[in-house]
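All remarks here apply to the structure that follows.
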Amino acid sequence: MKIVIINYGAGNIQSIIFAIERLGFTAVLSNNPDEIKAADKVIFPGVGEASSAMKMLLESGLETLIPTLKQPVLGICLGMQLMCNKSEEGNTKGLGIFDVDVIKFTPKVKVPQMGWNQIYNLKSPLFTGINENEYMYLVHSFYAPNCPEAIATTDYEVEYTSALQKGNFYGTQFHPEKSGDIGEQILANFLNL
1 MKIVIINYGA
11 GNIQSIIFAI
21 ERLGFTAVLS
31 NNPDEIKAAD
41 KVIFPGVGEA
51 SSAMKMLLES
61 GLETLIPTLK
71 QPVLGICLGM
81 QLMCNKSEEG
91 NTKGLGIFDV
101 DVIKFTPKVK
111 VPQMGWNQIY
121 NLKSPLFTGI
131 NENEYMYLVH
141 SFYAPNCPEA
151 IATTDYEVEY
161 TSALQKGNFY
171 GTQFHPEKSG
181 DIGEQILANF
191 LNL
């Protein structure tokens, strides 16, 4: 199986590579459109700030490629947020794969939300064998509100979408690669889609 991690300069890539290796696979880092199109599975990571990350995608031309991919694609954290319509962070236009806008938590809560929180309302093959209310690792100040494409929910000030799915596109606000055995099971489920 050919697994490509999109390399566009915004990513916590090493921990994803290690998690995939622990599952018995290898992943290739690439920003080459032909290599990405030829992959069996694509992972779209993201750590950082939305507008600068989108600028890097635009500079590499990947913003037009990603929404056209036909194989399973997993956006993680900022990667998931960039797959939405837009983000309040830097007033950033997203890829428009998921029909929801990303907004900021209010000043009533500490941001970023950093650490472990529960996921529930699990509704996808991505969560096969995963129990409701498992704890996942999150680091974020912006979130996708609940929407029809939600496949997992988390509560922090409000209930929000912590995972999304539309067709072959999946996104997790949490970091499966940093969430221990349960997170690696979710990654394994994605690789088995």
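Going by UniProt numbering, the sequence shown opens with residue 1, and the numbers climb by one from there.
Each residue gets a CB set at the ideal place from its N, CA and C atoms; glycine is no exception.
- In the structure shown, D99 falls within a strand segment according to DSSP collapsed to helix, strand and coil.
- Judged by DSSP in its simplified three-state form, P125 adopts helix.
- Between I36 and I16, the beta carbon gap of about 15 Å keeps them out of contact (Cβ cut-off 8 Å).
- Secondary structure of M56 (DSSP, three-state): helix.
- Of M54, V158, Q185, K2, the smallest CA-CA separation from Q71 is found for K2.
- Beta bridge pairing from DSSP links F44 with G75.
- Boundaries of the beta strand (DSSP E) around F169: 169-172.
- Taking L126 as reference, the option from V4, L138, A152, T106 with the minimal CA-CA separation is A152.
- Residue burial is scored here from C-beta neighbours: L187 has at least 16 other C-beta atoms within 10 angstroms and is therefore classed as buried.
- Cβ-Cβ distances below 7 Å link K178 to S15, Y137 in the same chain, with the five nearest sequence neighbours on each side left out; the list follows chain order.
- Contact between the region 78-97 and the region 53-63 is present: 3 or more CB-CB pairs across the two stretches fall below 8 Å.
- With the rule of 3 Cβ pairs closer than 8 Å, the region 154-167 counts as touching the region 92-109.
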